[in-house]
Ligand SMILES: [Zn+2]
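Residue numbers (my numbering): 29 to 516.
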């Protein structure tokens, strides 16, 4: 919800909290009429770059502003047009959706249309790092020969992606994340205007949740105000709302990992990226809940000590502790810890978690990698089932390796039938498969279309035994021997 953010976008310098150095420098440049042709506003999202850029434009073009005054009047045509988003002198371009060289050429054409008398034409290019290389070069030409009374403000969350040749022509401002005090001051002003009394600990909580972003803080406050619809708001009132959204992302992720649902995990991650301010914290929360699942698995009494957990979280911990065995839990936790370290060095912040999700979901129960080169749950289940059957039959002394059967130069027709029926060759090293297919007189289709289900594979041993009553054959042995080189 961004309505509060839009509704209360600062219209005056006095309403902008934080970024003191940047504000002072810009104000001085305006008052002394020492303006640069191009600025770079760099810093994370939602911390006031575009707001400052618009205010800068409004101040420069205000028709009623006195030479020694820094605040725009907010009443003249120009101020109203800029506040209303209809100004011809302030052109905002989102580079994320206009990345091409044609877009920049179009922009250069626009720069040639002169500003009206006494005003500046100001271009704000948001997410400028998204421009293609050619587009950057086209932009550079404009910056090299800046038209009269044209000012560029290039906003970016990733200044490291901007060419040095561009940087060297701009005055650079690095926006800092807001402090909790600055965010609280900003939120207080909004609450005052809304006529709602929100307690300080609520505001502090919102500020902490938004980790330095005004936009996130205002969105969260908006969410609280609209869902409570009351004139006084205290900490008790918000526990449910604030925890709810965060909690859903965590519990749904846990459930999706447990059911190995990679697609669902990816959806959750992208939602978290869109709506949550701090991805680092999200990963930490995931580590924490899997840790609790691990502890609970071995010591269910510990739940009594976790008094602050609500019933949804407790249920999830209890349920998941039954679904995940130790080796899987340990893999998940170790991978998440690695994700926490990796995101510091990755430009795409969610990528380490996305990779880990695939690894956590594809990882097999016994910790072995797939026997087949291409990941396939079934192939592993066959081995597991056959292992189970083999150990149940281990008392027989004639435990003949199926490899013997497969290696038999003249396999019996019923054995061929069993091999065919159970798709056994699907689980054979592909290098050896061709040779065996020839021997068993199978074509490729017969092998690939006959991938067995877990249930069927469990019957392999029974089938082999039935067909080979005098020799007690363990399929496990065939597979074991066949895959000995593939297993760890
Ligand atoms: Zn004005």
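Ideal Cβ placement from N, Cα and C applies to all residues, glycine included.
Remember, it's a predicted structure, so these values are computed and weren't measured experimentally.
Same chain, Cβ closer than 6 Å to residue i, neighbours up to 5 away in sequence not counted
| i | result |
| --- | --- |
| residue 119 | 151 |
| residue 219 | 226 |
| residue 307 | 377 |
| residue 322 | 357 |
| residue 174 | 65 |
| residue 246 | 32, 33 |
| residue 199 | 64, 67 |
| residue 272 | Note that residue 272 has pLDDT 47, beneath the 50 cutoff, so the model's placement of it is unreliable and no number is given. |
| residue 260 | 225 |
| residue 115 | 109 |
Residue i burial status per 10 Å Cβ neighbour count (16 or more: buried)
| i | result |
| --- | --- |
| residue 45 | buried |
| residue 131 | buried |
| residue 310 | buried |
| residue 141 | exposed |
| residue 223 | exposed |
| residue 176 | exposed |
| residue 149 | buried |
| residue 328 | exposed |
| residue 166 | buried |
| residue 31 | exposed |
| residue 407 | The predicted model places residue 407 with a pLDDT of 35, which falls under 50 and marks its position as unreliable; any figure quoted below should be read in that light. Residue 407 should be labelled buried. |
| residue 420 | With a pLDDT of 40 at residue 420, under the threshold of 50, the predicted position of this residue should be treated as unreliable, though the coordinate-derived value follows. Looking at its Cβ environment, which holds fewer than 16 other Cβ atoms inside 10 Å, residue 420 is exposed. |
| residue 95 | exposed |
| residue 145 | exposed |
| residue 54 | buried |
| residue 47 | buried |
| residue 374 | exposed |
| residue 242 | buried |
| residue 161 | exposed |
| residue 201 | buried |
| residue 124 | exposed |
| residue 391 | buried |
| residue 79 | buried |
| residue 77 | buried |
Start and end residues, alpha helix (DSSP H) containing residue i
| i | result |
| --- | --- |
| residue 172 | 161-172 |
| residue 229 | 228-238 |
| residue 199 | Premise fails: residue 199 lies in the beta strand (DSSP E), 199-202, not in any alpha helix (DSSP H). |
| residue 122 | Premise fails: residue 122 lies in the beta strand (DSSP E), 118-122, not in any alpha helix (DSSP H). |
| residue 109 | 105-112 |
| residue 242 | 242-256 |
| residue 139 | 129-140 |
| residue 324 | 307-326 |
| residue 35 | 31-35 |
| residue 340 | 339-351 |
| residue 331 | Here residue 331 belongs to no alpha helix (DSSP H), and DSSP marks it neither H nor E. |
| residue 53 | 48-59 |
| residue 62 | Taken as a continuous stretch (DSSP letters only), residue 62 belongs to no alpha helix (DSSP H), as it is neither H nor E. |
| residue 87 | 77-89 |
| residue 370 | 354-370 |
Cut-off 7 Å between Cβ atoms - residues of its own chain near residue i, not counting five sequence neighbours on either side
| i | result |
| --- | --- |
| residue 51 | 41, 44 |
| residue 170 | 136, 139 |
| residue 370 | 380 |
| residue 331 | 324, 342 |
| residue 163 | 127, 128, 129, 131, 132 |
| residue 231 | 212, 215, 216 |
| residue 365 | 315 |
| residue 193 | 168 |
| residue 349 | 321, 324, 325 |
| residue 288 | 389 |
| residue 203 | 47, 50, 69, 70, 71, 75, 76, 77 |
Same chain, Cβ closer than 8 Å to residue i, neighbours up to 5 away in sequence not counted
| i | result |
| --- | --- |
| residue 360 | 285, 318, 352, 388 |
| residue 312 | 368 |
| residue 195 | 68, 187 |
| residue 248 | 234, 237, 238, 270 |
| residue 197 | 65, 66, 168, 171, 172 |
| residue 111 | 39, 86, 102 |
| residue 277 | 296, 299, 300, 304, 310 |
Opening and closing residue of the beta strand (DSSP E) in which residue i lies
| i | result |
| --- | --- |
| residue 66 | 66-70 |
| residue 178 | 178-184 |
| residue 149 | 149-154 |
Cutoff 8 Å: residue i Cβ touching any chain D Cβ
| i | result |
| --- | --- |
| residue 124 | No chain D is present in this structure, which holds just one protein chain. |
Any 3 or more C-beta pairs closer than 8 Å across the stretch 79-93 and the stretch 31-46: yes
Under 8 Å, with one C-beta from each stretch per pair, do the stretch 61-81 and the stretch 276-293 reach the 3-pair mark? Look at the beta carbons and you see the stretch 61-81 not touching the stretch 276-293: under three pairs across the two are nearer than 8 Å.
Under 8 Å, with one C-beta from each stretch per pair, do the stretch 173-181 and the stretch 202-221 reach the 3-pair mark? These segments do not touch.
Inter-stretch contact (C-beta, 8 Å, three-pair minimum) for the stretch 184-192 and the stretch 142-162: Under the Cβ criterion (8 Å, minimum of three pairs), the stretch 184-192 counts as touching the stretch 142-162.
Going along the chain, which residues put their C-beta within less than 5 Å of some heavy atom in ligand 2? Ligands in the displayed structure: ligand 1; ligand 2 is not one of them.
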